[in-house]
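Following numbering that gives the first Met the number 0, the numbering of the sequence shown begins with 0 at its first residue and continues without gaps.
Beneath this line is the structure, given in structure tokens, with notes to follow.
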Amino acid sequence: MTQNLVKNLVIDRKYRKNGYGRELVNLVENFSRIMGINKIIISANTNRKFWEHMGYFNDEKILK
């Protein structure tokens with residue numbers, strides 16, 4: 000299993016709540032799929048609700 004670590008993904012306050020974070024995460028996930036990465040791990044415990052909404056459980060997401 001190939002893994003990718005997302006360490007620092009921060010959206011400036013003026014861009015929050017506009018979907019930019021979701022778009023950025025989707026870009027990272029799509030790029031990871033193209034590169035053959037099938038598991039992403041986040042290392043920052045920030046905005047837990049956002050990451051859970053994006054499908055991450057226990058700081059990990061298996062890409063399909």
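Idealized CB from N, CA, C, for every residue including glycine.
Please read all numbers here as calculations on a predicted model, not as lab measurements.
- The Cβ atoms of Lys-38 and Ile-61 sit closer than 8 Å to each other.
- Per DSSP, Lys-48 lies in no beta strand (DSSP E) segment; the continuous alpha helix (DSSP H) that holds it begins and ends at 47-52.
- Annotation for Ile-36: no beta strand (DSSP E) segment contains it, and DSSP assigns it neither H nor E.
- In the DSSP secondary-structure assignment, Glu-59 is bridged to Ile-40, Phe-56.
- Gly-18 carries a coil assignment under DSSP once its states are collapsed to helix, strand and coil.
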